[in-house]
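Trainee: So that we are looking at the same thing, I have put the structure below in structure tokens.
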Amino acid sequence: MTETAPAASKFIQHRGLSVPTFLYGTAWKEDQTEALTYNAIKAGFLGIDTANQRRHYFEAGVGNAVKRAIAEQLLQRSELFLQSKFTFVSSQDHRLPYDPKADYDTQVQQSFASSLEHLHTDYLDSYILHGPAVRDGLSDADWEVWRAMESLHKSGAVKLLGVSNVSYGQLQGLFKQAEIKPAFVQNRCYARSQWDAQIRQLCRENDALYQGFSLLTANATELQKPGIAGIAKRLGCTMPQLVFRFALQLGMMPLTGTSSEKHMGADLASYGLELNPSDMAVVEQIALGN
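According to the numbering used here, the sequence shown is numbered sequentially starting from 71.
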């Protein structure tokens with residue numbers, strides 16, 4: 071039987087920090103980043119995911135939205151979970167947030183300082199390694215960057231650390247050898263791997279929260295199957311609402327990147343749904359059958 075969680079809460083206590091269980095992702099928004107991030111906060115999202123990677127994110131636009139929302143007293147900085155990332159030069163374009171000739175410790179320090187400036191804050195709730203430098207295992211570069219991130223955590227400038235776009239073996243290595251273990255793991259989440267089941271289990275065993283992105287776009291084929299459509303019809307909800315509720319009940323932190331104000335509210339309304347164990351099993355195994 072599929073493991074299910076109690077009715078999902080909008081917050082969870084994790085390693086001493088109150089963390090919202092549903093995040094708004096800001097990738098690929100370009101000039102719309104500021105307006106869409108502001109709309110997301112206004113709709114009720116209290117967790118914002120970004121990265122200091124101008125190739126796919128406009129971090130300064132996120133910061134401008136946060137500054138506006140705070141100025142308008144929609145919320146206080148302490149009520150907002152802000153997460154950004156350090157990205158290796160191989161995944162950047164020419165708009166680098168650090169000196170590529172500097173050592174990795176300096177690159178992390180420069181990128182982090184740039185993120186704080188972009189986001190108009192003096193700390194981050196979560197700082198993520200935006201994918202290891204190599205496909206297999208962990209390189210010296212990965213460990214140098216992780217140690218620099220650990221220093222930021224120790225200084226109090228970062229509350230919790232994490233890693234994204236990571237394989238099972240790489241994550242095992244981090245959990246085994248890092249002084250400060252990842253508190254978050256963020257991966258593209260595929261139904262064909264039973265929603266990254268192995269890595270989610272590894273997270274549970276090591277007191278880390280799993281963040282899933284591309285839950286809808288990565289699984290477009292599977293979400294067309296009649297079994298899952300029947301559940302959505304019975305519950306009177308949309309397919310995105312069903313998927314996000316499924317993720318929440320699994321104990322996953324889903325990300326949505328919708329550009330629609332209407333869909334922002336609808337996505338958050340997934341908190342009001344409840345899937346029974348049979349529903350959960352159908353969605354978890356949707357890639358294996360109908």
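Note that the Cβ used here is the ideal one computed from N, Cα and C, for glycine as well.
For Pro76, is the classification buried or exposed, using 16 other Cβ atoms within 10 angstroms of its Cβ as the cut-off for buried?
Mentor: On the sequence shown, residue 76 is found 6 positions in, with the first residue counted as 1. Below a pLDDT of 50, predicted positions are generally treated as unreliable, and Pro76, at 44, falls in that range; no measurement from the model is reported.
Trainee: Can you grab the Cα-Cα spacing for the pair Gly133 / His188, in whole Å?
Mentor: Within the sequence shown, the letter at position 63 stands for residue 133. Within the sequence shown, the letter at position 118 stands for residue 188. So the two alpha carbons sit approximately 5 Å from each other.
Trainee: Give every residue of the same chain whose Cβ lies closer than 8 Å to the Cβ of Arg315, excluding the five residues on either side of it in the sequence, and list them in chain order.
Mentor: Counting from one through the sequence shown, the residue named residue 315 turns up at place 245. Once the five neighbours on either side are set aside, the close Cβ partners of Arg315 are Ala78, Cys307, Ser340, Tyr341, Leu343, Glu344 and Leu345.
Trainee: At 3 residues or longer, what runs of the beta strand (DSSP E) sit wholly inside the stretch 125 to 192?
Mentor: Those beta strand (DSSP E) runs which fall completely within the stretch 125 to 192 and span 3+ residues are 151 to 156.
Trainee: Identify whether Arg217 lies in helix, strand or coil by the three-state DSSP scheme.
Mentor: Counting from one through the sequence shown, the residue named residue 217 turns up at place 147. Helix, per DSSP.
Trainee: Write down every uninterrupted run of the beta strand (DSSP E) in the stretch 211 to 269 whose length is 3 residues or greater and which is fully enclosed by it, in chain order.
Mentor: Those beta strand (DSSP E) runs which fall completely within the stretch 211 to 269 and span 3+ residues are 228 to 234 and 254 to 258.
Trainee: So, for Asp163: in the same chain, excluding its five sequence neighbours on each side, which residues have a beta-carbon less than 8 Å away from its beta-carbon?
Mentor: Your numbering for residue 163 matches position 93 in the sequence shown. Counting only Cβ-Cβ distances below 8 Å, and skipping sequence neighbours, we find Arg124 and Arg125.
Trainee: Output needed for Tyr94: all residues of its chain with C-beta closer than 6 Å, excluding positions within five of it in sequence on either side, in chain order.
Mentor: Counting from 1 along the sequence shown, the entry for residue 94 is found at position 24. Once the five neighbours on either side are set aside, the close Cβ partners of Tyr94 are Ala110, Phe115 and Ile118.
Trainee: Rounding to the nearest angstrom, what Cα-Cα distance links Gln256 and Thr291 in this structure?
Mentor: The residue given as residue 256 occupies position 186 in the sequence shown. The residue given as residue 291 occupies position 221 in the sequence shown. Each residue's alpha carbon lies about 22 Å from the other.
Trainee: Rounded to whole angstroms, what is the Cα-Cα separation between His211 and Phe254?
Mentor: Position 141 of the sequence shown, counting from 1, holds the residue named residue 211. Position 184 of the sequence shown, counting from 1, holds the residue named residue 254. The residue you asked about is not His; residue 211 is Ala in the sequence shown. One C-alpha to the other measures close to 20 Å.
Trainee: Sort out for me which residues DSSP pairs Met323 with in a bridge.
Mentor: Here residue 323 corresponds to residue number 253 of the sequence shown, with the count starting at 1. Answer is Gln281, bridged to Met323.
Trainee: For Phe156 versus Asn122, is the C-beta distance shorter than 8 Å?
Mentor: Translated into positions along the sequence shown, residue 156 becomes position 86. Translated into positions along the sequence shown, residue 122 becomes position 52. Yes, the Cβ-Cβ distance between Phe156 and Asn122 is below 8 Å.
Trainee: Do you know whose CA, among Ser161, Cys273, Leu241 and Arg217, lies nearest Glu249's CA?
Mentor: Here the question's residue 249 lines up with position 179 in the sequence shown. Nearest C-alpha to Glu249: Arg217.
Trainee: Excluding the 5 residues preceding and the 5 following Leu186 in the sequence, name in chain order all residues of the same chain whose CB lies nearer than 7 Å to its CB.
Mentor: Along the sequence shown, one-based indexing puts residue 186 at 116. Contacts found: Asp192.
Trainee: Relative to the C-alpha of Glu129, which residue among Tyr238, Gln153 and Lys80 is closest?
Mentor: Within the sequence shown, the letter at position 59 stands for residue 129. It is Gln153 whose Cα lies nearest to the Cα of Glu129.
Trainee: Reducing DSSP to helix, strand and coil, say where Gln355 ends up.
Mentor: If you number the sequence shown from 1, residue 355 lands on position 285. Three-state result, Gln355: coil.
Trainee: Given a threshold of 16 other Cβ atoms within 10 Å of its Cβ, counted over all protein chains shown, does Leu338 qualify as buried or as exposed?
Mentor: To locate residue 338, count along the sequence shown from 1; it is residue 268. By the 10 Å Cβ count, Leu338 comes out buried.
Trainee: Could you check what DSSP says for Pro90 in three-state terms: helix, strand or coil?
Mentor: Counting from 1 along the sequence shown, the entry for residue 90 is found at position 20. Looking at Pro90 - three-state DSSP - the assignment turns out to be strand.
Trainee: Short check: CB of Cys259 to CB of Ala288, under 8 Å?
Mentor: Counting from one through the sequence shown, the residue named residue 259 turns up at place 189. Counting from one through the sequence shown, the residue named residue 288 turns up at place 218. Contact: yes.
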